[in-house]
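Residue 147 in the UniProt record's numbering sits at position 147 of the sequence shown, with consecutive numbering throughout.
Beneath this line is the structure, given in structure tokens, with notes to follow.
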Amino acid sequence: MSASPDILCIGSVLWDIVGRAPSHMRQGSDVPGRITRLPGGVAMNIAMTLARFGLRPALLSVVGRDPEGDELVARAEAMGLSVAHLYRSDDLPTDRYMAVEGANGLIAAIADAHSLEQAGAKILAPLVNGPLGSAAAPYEGLVALDGNLTLALLEDIAAAPAFARADLRVAPASPGKAERLLPFLQHGRAVLYVNCEEAGLLCKREFATSRAAVEGLLARGARRVLVTDGGRASAEGTQDGIIERTPPEVMVTRVTGAGDTFMAAHIAAEARGAGREEALEAALKAAADYVSGEIGT
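As structure tokens, this is what we get:
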């Protein structure tokens, strides 16, 4: 991809190994189903969705120089994603994510993103002192950042001059990593994308609705936030007000990657010039299409 990217997607780029069963599951269940291996990771999922909406995303992450990494890079290129700025490691293996889903949603998941954590600031070299920007000439475009990075690196990014002019969109990788977003709660430029559980972890309290979660995050100093709540109403808010929309009702066939699809679709809608209400509705529709299986992987 020779053209300049429309957005930088920073974070996890890995293989998703997902087992899905059509029946309800519980701890210890042993049921028939399907197991798939697909390109995944929060940054990768966001980039793939952005490409489907016609944007040119570039990936900043680490991928090993192993057969799995070579295959993953080839798949990314085939989807129109820029891989020119990936850090390819000779020593670190390509990361993986494993999940089990039943008809009652996500049962369990394990994210093996140790290579991303060990690579650390190396993945940011093109943006900090390279072809994409520097402290003296910061990158001024869209950046989608995920919470699979270490807390120390996220803290550095929140204060780094190289990110001072970026339109920074931030999401946790999972509820277990939600508190890594704390450096961006009172950040002057960051937009946070979280679900109700993640909002509660950031605010140290439980929220019954997405609106309440938005109110809580804004009270903590957030500039702008979007909060989803499964099939219930989602909310988007700034200090100027809060809007709510209910997602379309669909049959849920998968859940892994739904939040990433929501975030990417919202970013893409705003990049096209959509207003707050239109962008939120577009994001909810895209996420609903994804979980229903209408959008391919």
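Think of the CB as a built atom: it goes at the ideal place given N, C-alpha and C, for glycine as much as any other residue.
Computed from a predicted model, the values in this text were never measured in an experiment.
Neighbour-count burial assignment, residue i, 16 or more Cβ in a 10 Å radius
i: Ser29; result: exposed
i: Val227; result: buried
i: Ser61; result: buried
i: Lys122; result: exposed
i: Glu101; result: buried
i: Asp240; result: exposed
i: Glu198; result: buried
Backbone CA spacing between residue i and residue j [nearest angstrom]
i: Met1; j: Leu127; result: Annotation note: pLDDT 41 at Met1 (below 50); position unreliable, coordinate value reported separately. Each residue's Cα considered, the two are about 17 Å apart.
i: residue 324; j: Cys196; result: Here the chain has residues from 1 to 297 only, and residue 324 is not among them.
i: Gly259; j: Asn45; result: 9 Å
i: Glu215; j: Ala162; result: 30 Å
i: Ser210; j: Asp90; result: 44 Å
i: Leu192; j: Leu202; result: 11 Å
i: Ala160; j: Ala135; result: 8 Å
i: Glu270; j: Ala264; result: 10 Å
i: Val13; j: Gly273; result: 28 Å
i: Pro175; j: Val143; result: 21 Å
i: Tyr290; j: Gly275; result: 22 Å
i: Gly41; j: Gly230; result: 20 Å
i: Glu117; j: His24; result: 34 Å
i: Phe53; j: Ala78; result: 15 Å
i: Thr150; j: Leu72; result: 23 Å
Whether residue i touches residue j by CB criterion (8 Å)
i: Phe262; j: Ala279; result: no
i: Leu59; j: Ser82; result: yes
i: Glu16; j: Arg37; result: The identity of residue 16 in the sequence shown is Asp, whereas the question assumes Glu. Yes; because the gap between Cβ atoms is below 8 Å, this pair is in contact.
Contact belief for residue i with residue j at Cβ below 8 Å, rounded distance in angstroms
i: Pro39; j: Ile7; result: The pair is not a contact, with the Cβ atoms about 17 Å apart (cut-off 8 Å).
i: Leu50; j: Ala288; result: With 8 Å as the limit, Leu50 and Ala288 do not qualify as a contact, their Cβ atoms being about 18 Å apart.
i: Ala47; j: Pro32; result: That pair is no contact at about 33 Å.
i: Arg232; j: Glu281; result: Between Glu281 and Arg232 the Cβ distance is about 15 Å, and since that is not below 8 Å, they are no contact.
i: Ala125; j: Leu92; result: Actually they are not in contact, since the Cβ atoms of Ala125 and Leu92 sit about 15 Å apart, beyond 8 Å.
_Touching by the beta-carbon criterion (3+ pairs, under 8 Å), the region 181-193 and the region 163-170_ = yes
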